[in-house]
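Written below as structure tokens is the structure these notes are about.
In the working numbering, the protein residues as written are 109 to 515.
Shown next, in the form of structure tokens:
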């Protein structure tokens with residue numbers, strides 16, 4: 109593998125892991141934070157929404173900054189700002205200061221994806237884009253896995269405030285890595301401006317759905333994914349009688365399955381489908397099935413494989429989605445294209461979890477809450493599979509005659 113791809117991929121996975129370890133720490137510690145500050149279910153869901161409200165505001169400017177200043181520099185700044193937000197939240201004496209820290213962390217998170225997308229795609233052939241982008245996105249699930257598996261136990265032994273500070277060590281490491289990688293731009297060792305290997309070779313354009321169905325799919329899937337992540341621990345503690353540690357382990361199961369799913373869906377989208385949209389539709393269908401089983405009241409041993417199915421599909425889709433965005437983007441504009449499309453994902457995360465939390469607060473029914481999420485995912489499954497597709501103009505895509513050239 110080209111050393112630029114290796115370095116960019118390693119840093120990107122690390123940055124996504126560290127950033128998610130920090131931001132999803134709020135969800136993993138939600139039962140303890142709820143008790144500390146007297147938060148309602150709606151407010152607990154709003155924690156995740158607040159993170160991504162900040163990301164929504166920052167993603168488009170971060171995309172432009174990435175294309176202009178370079179991915180590594182933008183990424184380093186986002187890691188430092190995220191660490192500042194975590195420190196504010198962990199030291200907060202009152203709920204409103206805690207929420208300010210969460211919002212600052214969210215602003216920082218908006219700068220992570222544009223930078224990491226550019227770092228891992230500037231020299232990757234499109235026929236491998238689904239896999240490479242999905243490997244990069246496993247950083248999200250690895251960070252979530254670490255948050256669910258480690259932070260509740262650390263909080264039980266110390267406090268939730270101490271546990272929340274644990275991701276600072278990983279953020280420091282990825283900041284140093286980004287600074288090191290960015291320094292190589294002076295020697296032209298690393299080109300961070302959206303260049304893709306072989307961009308001058310004739311290539312056949314991939315089949316992509318239009319912007320509207322793509323944005324709608326991202327809105328719903330991202331929103332339901334983060335609702336699942338944000339509410340799972342609270343649901344298991346309140347409805348299933350889990351301890352916070354056991355609920356954290358269940359969240360870790362979902363993230364482990366999501367990590368595997370990202371690799372599996374990435375390989376599938378590269379090899380077996382004429383369009384990545386088909387793989388995305390199938391992932392949504394599997395997620396809807398898993399959520400339907402949760403809504404039906406799955407418990408005992410059946411709950412664990414069900415959570416794995418939900419994680420495999422509703423967490424596993426993300427890398428393929430970003431590869432679809434890259435397929436449709438023009439050379440040199442990947443940062444901006446990523447920033448624009450991330451606005452729909454982050455808008456879903458801002459809107460959907462609080463709405464589902466409000467539904468639960470009004471009805472006091474977890475089955476109804478999960479059923480509504482299931483219906484939304486099933487709807488965008490149909491949209492993505494049935495939406496008309498066009499050849500992406502101006503995108504660097506798989507050469508004719510190469511594996512997957514029918515895309």
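Glycine is no exception: its CB is placed at the ideal position from the N, C-alpha and C atoms.
{"Check": "Alpha carbon to alpha carbon, how far is residue 434 from residue 372? Give it in angstroms, no decimals.", "Outcome": "19 angstroms"}
{"Check": "Quick one: Cα of residue 134 to Cα of residue 315, how far?", "Outcome": "38 angstroms"}
{"Check": "Below 8 angstroms on the Cβ atoms is my guess for residue 143 versus residue 239; work out the distance and round it to an integer in Å.", "Outcome": "Not confirmed; about 42 angstroms, so no contact."}
{"Check": "List the endpoints of the continuous alpha helix (DSSP H) containing residue 254.", "Outcome": "237-265"}
{"Check": "Quick one: measure Cβ to Cβ for residue 361 and residue 416, integer angstroms, because I've assumed they're closer than 8 angstroms.", "Outcome": "6 angstroms"}
{"Check": "Taking residue 228 as the reference, which of 212, 247, 215 has the closest Cα?", "Outcome": "247"}
{"Check": "Evaluate contact between the region 272-285 and the region 401-421, counting only Cβ atoms and requiring at least three cross-stretch pairs below 8 angstroms.", "Outcome": "no"}
{"Check": "Would DSSP call residue 317 helix, strand or coil?", "Outcome": "strand"}
{"Check": "What is the rounded straight-line gap between the Cα of residue 425 and the Cα of residue 209?", "Outcome": "29 angstroms"}
{"Check": "Once you ignore the five residues that flank residue 375 on each side, which residues in its own chain have a CB closer than 6 angstroms to its CB?", "Outcome": "239"}
{"Check": "Roughly how many angstroms separate the alpha carbons of residue 287 and residue 487, rounded to a whole number?", "Outcome": "43 angstroms"}
{"Check": "Suppose only complete runs of 4+ residues qualify. What are the alpha helix (DSSP H) ranges in the region 128-170, listed by chain order?", "Outcome": "133-136, 138-145"}
{"Check": "Comparing alpha-carbon positions, which option in 324, 327, 355, 326 lies nearest residue 339?", "Outcome": "355"}
{"Check": "In three-state terms, what does DSSP make of residue 347?", "Outcome": "coil"}
{"Check": "With distance defined between alpha-carbon atoms, name the residue in 322, 461, 363 nearest to residue 331.", "Outcome": "461"}
{"Check": "If we ignore side chains and look at the alpha-carbon of each, how far apart do residue 149 and residue 382 end up?", "Outcome": "42 angstroms"}
{"Check": "Would you list the residues sitting across from residue 370 in a DSSP beta bridge?", "Outcome": "Looking at the DSSP assignment, residue 370 forms no beta bridge with any residue, so it has no partner."}
{"Check": "Just to confirm before moving on: does the CB-CB distance between residue 456 and residue 419 stay below 9 angstroms?", "Outcome": "no"}
{"Check": "Pick helix, strand or coil for residue 481, following the three-state DSSP scheme.", "Outcome": "helix"}
{"Check": "Return the chain-ordered list of same chain residues with a C-beta closer than 6 angstroms to the C-beta of residue 276, the five sequence neighbours on each side being excluded.", "Outcome": "191"}
{"Check": "In the DSSP assignment, what are the bridge partners of residue 498?", "Outcome": "316"}
{"Check": "Assuming residue 558 is part of the alpha helix (DSSP H), what are its boundary residues?", "Outcome": "Outside the displayed span of the chain (109 to 515) sits residue 558, for which this structure offers no information."}
{"Check": "Report the CB separation of residue 218 from residue 182 in whole angstroms; it is logged as a contact under 8 angstroms.", "Outcome": "The pair is not a contact, with the Cβ atoms about 10 angstroms apart (cut-off 8 angstroms)."}
{"Check": "Have a look at residue 161 and residue 207 and give me their C-alpha separation to the nearest angstrom.", "Outcome": "12 angstroms"}
{"Check": "Do you know how far the Cα of residue 251 is from the Cα of residue 124?", "Outcome": "7 angstroms"}
{"Check": "Is residue 175 buried or exposed, if buried means 16 or more other CB atoms sit within 10 Å of its CB?", "Outcome": "buried"}
{"Check": "For residue 157, collect the residues of the same chain with a Cβ closer than 7 angstroms to its Cβ; drop the 5 residues on either side in sequence, then sort them by chain order.", "Outcome": "457, 458, 461, 462"}
{"Check": "Going by Cα to Cα distance, which pick from 145, 169, 155 is closest to residue 448?", "Outcome": "169"}
{"Check": "Compute the Euclidean distance between the alpha carbons of residue 450 and residue 401, then round it to the nearest angstrom.", "Outcome": "29 angstroms"}
{"Check": "Which of the three DSSP states is assigned to residue 268 in this structure?", "Outcome": "helix"}
{"Check": "Are the Cβ atoms of residue 264 and residue 353 separated by less than 9 angstroms?", "Outcome": "yes"}
{"Check": "With distance defined between alpha-carbon atoms, name the residue in 380, 325, 422 nearest to residue 398.", "Outcome": "422"}
{"Check": "Can the beta-carbon of residue 516 be found less than 9 angstroms from the beta-carbon of residue 337?", "Outcome": "The shown model of the chain, from 109 to 515, leaves out residue 516, and the question about it has no answer."}
{"Check": "Using the beta-carbon count (16 or more within 10 Å), is residue 320 buried or exposed?", "Outcome": "exposed"}
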